[in-house]
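Enquirer: Per our numbering, the sequence shown runs over residues 1 to 161.
Ideal Cβ positions, reconstructed from N, Cα and C, are used throughout, including at glycine.
In this text, all values refer to a predicted model and were calculated from it rather than measured experimentally.
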Amino acid sequence: MTVAYYRTPIGIVRITQTDEFISGISIRDEEYEIEPACTPLLQMAIDQLQEYFDGTRKTFDFPIRQPGTDFQQQVWESLLTIEYGTTTTYLQQSQQMNNPLAIRAIAAANGKNNLWVVVPCHRVIGSDGSLTGYAGGLWRKQWLLQHEANVMGVGQTRLNF
1 MTVAYYRTPI GIVRITQTDE FISGISIRDE EYEIEPACTP LLQMAIDQLQ
51 EYFDGTRKTF DFPIRQPGTD FQQQVWESLL TIEYGTTTTY LQQSQQMNNP
101 LAIRAIAAAN GKNNLWVVVP CHRVIGSDGS LTGYAGGLWR KQWLLQHEAN
151 VMGVGQTRLN F
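(1) Using only alpha-carbon positions, find the residue among Q95, M152, Y84, W143 that is nearest to P120.
(2) What does DSSP give as the partner residues of F21 in its beta bridges?
(3) Checking 9 Å against the spacing of the C-beta atoms, do L49 and T8 come in under that value?
(4) Relative to the C-alpha of T89, which candidate in S130, T2, T39 has its C-alpha closest?
(5) To the nearest angstrom, report how far apart Y6 and Q142 are at their CA atoms.
(6) Sorted by chain position, which residues of the same chain lie with C-beta nearer than 6 Å to I46's C-beta, five sequence neighbours on each side aside?
(7) What are the boundary residues of the beta strand (DSSP E) that includes V3?
(8) Use the C-beta contact count for T16: other C-beta atoms within 10 angstroms, 16 or more gives buried, fewer gives exposed.
(9) Could you tell me which uninterrupted alpha helix (DSSP H) segments, each at least 4 residues in length, are contained entirely in the region 80-134, listed from first to last along the chain?
(10) With distances taken Cα to Cα, identify the nearest neighbour of F60 among I22, I27, Q93.
(11) Measure the C-alpha to C-alpha separation of T157 and Q74 and round it to an integer number of angstroms.
(12) Would you kindly report the start and end of the unbroken alpha helix (DSSP H) that includes E51?
(13) Which residue or residues does DSSP assign as beta-bridge partners of S26?
(14) May I ask which residues mark the beginning and end of the alpha helix (DSSP H) holding R140?
(15) Cα separation between N98 and S78?
Put into structure tokens, the structure is as follows:
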């Protein structure tokens with residue numbers, strides 16, 4: 001496993017590479033020494049994240065893989081279908097997965113997503129429009145949603161606390 005750290009507008013991102021895949025992206029509050037990425041794949045991830053934060057990239061194409069159960073993998077795959085600049089609800093996600101009774105399990109799987117921003121769990125909100133659960137903190141979820149709305153030119157999104 002190889003790790004790189006990258007400074008973003010919402011904190012220091014920790015990027016983990018396992019074999020030939022990016023296996024983890026998370027945002028830290030702590031300060032880390034920012035050094036050049038030591039592998040081409042880590043550098044590709046940094047470059048694409050920089051483009052995302054600059055507002056010029058909406059999708060990522062570096063190889064990703066994170067450990068999880070079959071159910072978690074299905075939930076994370078469904079997150080990849082949520083278009084940039086849009087949101088969905090946990091209920092809508094459960095319906096899209098043809099599993100409407102699994103809302104809580106789907107929410108729990110979203111919470112175990114290790115590839116923040118790239119697997120966009122931040123785009124899932126409560127049915128009433130409220131921001132619910134985000135391991136990086138609700139202020140980061142709000143920032144990411146507002147950033148995408150601004151890039152798309154749709155103005156403020158409806159975000160309730």
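Expert: Looking at the coordinates:
(1) Y84
(2) T18
(3) Taking 9 Å as the Cβ cut-off, L49 and T8 qualify as a contacting pair.
(4) S130
(5) One Cα belongs to Y6, the other to Q142, and the distance between them is close to 20 Å.
(6) Y6, A37
(7) 2-8
(8) buried
(9) 90-96, 103-111
(10) I22
(11) Confidence at T157 is low in this model, with a pLDDT of 49, below 50, so its placement is unreliable and the value that follows should be read with caution. Taking the straight line joining both Cα atoms gives about 27 Å.
(12) 40-54
(13) R14
(14) For R140, the enclosing alpha helix (DSSP H) starts and ends at 138-152.
(15) 11 Å
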